[in-house]
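S.K.: Let me begin by handing over the structure; questions about it come next.
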Amino acid sequence: MSTLKIGFVGIGKMGTPMATRLIKAGYEVTVYDVDSKAVAELTDAGAKAAAGARNVADVAEIVFASLPSPQILEKVVLGEGGIAEGKAVRIFVDISTTGPRMAAKVAEGLSSRNIAMIDAPVSGGLKGARNGTLAVMVSGPKAAFETARPVIENFGRIFFMGEVQGSAQTMKLANNLLAAAALAISSEAVVMGVKAGLDPKVMIDVINASSGRNSATEDKFPKSVLPRTFDFGFATGLSFKDVRLCVDEAEAMGVPMVVGSAVRQLLSVTNQLYGPESDFTCMVKTIETWAHVEVGSAQTTDVAKAS
Numbered sequence: 584m585s586t587l588k589i590g591f592v593g594i595g596k597m598g599t600p601m602a603t604r605l606i607k608a609g610y611e612v613t614v615y616d617v618d619s620k621a622v623a624e625l626t627d628a629g630a631k632a633a634a635g636a637r638n639v640a641d642v643a644e645i646v647f648a649s650l651p652s653p654q655i656l657e658k659v660v661l662g663e664g665g666i667a668e669g670k671a672v673r674i675f676v677d678i679s680t681t682g683p684r685m686a687a688k689v690a691e692g693l694s695s696r697n698i699a700m701i702d703a704p705v706s707g708g709l710k711g712a713r714n715g716t717l718a719v720m721v722s723g724p725k726a727a728f729e730t731a732r733p734v735i736e737n738f739g740r741i742f743f744m745g746e747v748q749g750s751a752q753t754m755k756l757a758n759n760l761l762a763a764a765a766l767a768i769s770s771e772a773v774v775m776g777v778k779a780g781l782d783p784k785v786m787i788d789v790i791n792a793s794s795g796r797n798s799a800t801e802d803k804f805p806k807s808v809l810p811r812t813f814d815f816g817f818a819t820g821l822s823f824k825d826v827r828l829c830v831d832e833a834e835a836m837g838v839p840m841v842v843g844s845a846v847r848q849l850l851s852v853t854n855q856l857y858g859p860e861s862d863f864t865c866m867v868k869t870i871e872t873w874a875h876v877e878v879g880s881a882q883t884t885d886v887a888k889a890s
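According to the working numbering, the sequence shown is numbered sequentially starting from 584.
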């Protein structure tokens with residue numbers, strides 16, 4: 584049983600299984616979230632509940648956060664009643680996807696209080712969070728990282744990106760852009776084939792045996808698109824946020840994002856049509872609507888059926 588006390592702020596889809604792994608590893612975990620049901624689920628599993636973010640940081644030496652946007656991160660960490668005001672916290676670990684500029688801003692705000700910040704965005708979805716097989720991209724002060732490493736290792740394989748604050752965030756944005764782009768272009772290709780009368784399952788089999796294979800055709804189409812479940816586990820709103828952040832960061836650095844901008848626009852439309860809580864595999868449905876065809880059937884259909 585470890586004597587190190589851990590805090591977790593933001594226990595949504597990813598935070599809940601990750602915090603659960605720390606509880607099972609023997610850590611004393613204190614949690615906070617605006618969703619009381621999420622808190623109750625973890626207290627039933629052995630966590631302690633706190634009344635707010637600062638209350639978590641009053642008792643935990645290492646505090647993790649999994650939050651939906653850069654603005655919320657800044658408020659929860661540096662705002663009134665935030666993690667920075669905690670009496671016990673010495674290391675803050677951000678597992679959210681918030682971008683390198685916000686990472687640097689939050690790190691600077693924490694440094695004045697002698698709190699080290701570690702960027703540790705993750706990739707691998709809900710299955711990886713549950714099984715401890717996530718890819719964890721880490722950047723920040725090496726000494727703080729080494730202290731937190733035994734805890735972070737419970738989440739999966741660690742890739743240390745260096746001590747420059749925000750480096751891990753840049754890596755995560757690049758990865759998520761590629762994942763969204765693969766889904767977007769695969770959606771266009773498969774919808775085109777179905778419109779021409781091809782069997783979508785055969786198409787996916789051919790693509791996966793050929794040079795066009797990618798993460799969408801190997802994983803997302805077989806699991807969530809062809810069965811028409813659209814439940815891969817990553818929200819459209821979050822994917823849109825990540826791609827938008829990536830394009831914004833690239834443009835700030837003077838890097839053109841021609842393809843990335845198109846992917847951002849497709850996600851924007853999907854976000855409007857199906858809502859931010861929809862699964863990001865609904866990008867396929869957006870293309871279907873425009874093409875008047877439904878993947879899963881070789882027959883064309885009307886817009887109402889496709890949507």
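Note that beta-carbon positions come from the ideal geometry of N, C-alpha and C, so glycine has one too.
Bear in mind the structure is a predicted one, so any value in this text is a computation, not a measurement.
Residue 700 and residue 738 - do their beta-carbons sit closer together than 7 Å?
M.R.: Not closer than 7 Å, so no.
S.K.: For residue 589, which option in 617, 671 and 635 has the closest C-alpha, if you only look at C-alpha atoms?
M.R.: 671
S.K.: On the DSSP bridge assignment, give the partners of residue 545 in chain order.
M.R.: Not covered by the structure: residue 545. The range shown for the chain is 584 to 890.
S.K.: What separation, rounded to the nearest whole angstrom, lies between the Cα atoms of residue 641 and residue 874?
M.R.: The alpha-carbon atoms of residue 641 and residue 874 are separated by roughly 55 Å.
S.K.: Report the rounded CA-to-CA distance for residue 608 versus residue 623, giving the unit in angstroms.
M.R.: 19 Å
S.K.: Helix, strand or coil: how does DSSP classify residue 655 here?
M.R.: helix
S.K.: Quick one: Cα of residue 827 to Cα of residue 635, how far?
M.R.: Counting only the Cα atoms, residue 635 lies some 30 Å from residue 827.
S.K.: What residues are listed by DSSP as bridge partners for residue 588?
M.R.: Bridge partners of residue 588: 611.
S.K.: Along the chain, where does the alpha helix (DSSP H) containing residue 825 start, and where does it finish?
M.R.: 819 to 835
S.K.: Run through DSSP, which three-state label would residue 647 get?
M.R.: strand
S.K.: Considering only the beta carbon of each residue, do residue 606 and residue 649 sit closer than 7 Å?
M.R.: It is not a contact, given that the beta carbons lie outside the stated cut-off.
S.K.: Just the C-alpha distance for residue 801 and residue 767, rounded to the nearest angstrom, thanks.
M.R.: 14 Å
S.K.: Can the beta-carbon of residue 755 be found less than 7 Å from the beta-carbon of residue 720?
M.R.: Contact flag set, yes.
S.K.: Could you tell me whether the segment 774 to 792 touches the segment 724 to 743, where touching means 3 or more Cβ pairs closer than 8 Å?
M.R.: no
S.K.: With a CB to CB cut of under 6 Å and the five nearest residues on each side skipped, what residues in its chain are close to residue 770?
M.R.: 866, 867 and 870
S.K.: Output the boundary residues of the beta strand (DSSP E) element that contains residue 701.
M.R.: Residue 701 -> beta strand (DSSP E) spans 699 to 702.
S.K.: Tell me the residue span of the beta strand (DSSP E) that contains residue 533.
M.R.: It is not possible to answer for residue 533, since the shown part of the chain is limited to 584 through 890.
S.K.: Are the CB atoms of residue 822 and residue 856 nearer to each other than 7 Å?
M.R.: no
S.K.: Along the chain, where does the beta strand (DSSP E) containing residue 676 start, and where does it finish?
M.R.: 674 to 677
S.K.: Answer with buried or exposed for residue 836, where buried requires no fewer than 16 other C-beta atoms within 10 angstroms of its C-beta.
M.R.: Looking at its Cβ environment, which holds fewer than 16 other Cβ atoms inside 10 Å, residue 836 is exposed.
S.K.: I need the straight-line Cα distance from residue 832 to residue 723, nearest angstrom please.
M.R.: 19 Å
S.K.: Under 7 Å, do residue 825 and residue 752 count as touching if we go by C-beta distance?
M.R.: no
S.K.: Can the beta-carbon of residue 762 be found less than 7 Å from the beta-carbon of residue 740?
M.R.: No; because the gap between Cβ atoms is not below 7 Å, this pair is not in contact.
S.K.: Identify whether residue 898 lies in helix, strand or coil by the three-state DSSP scheme.
M.R.: The chain is shown only over 584 to 890; residue 898 falls outside these bounds and no answer can be derived.
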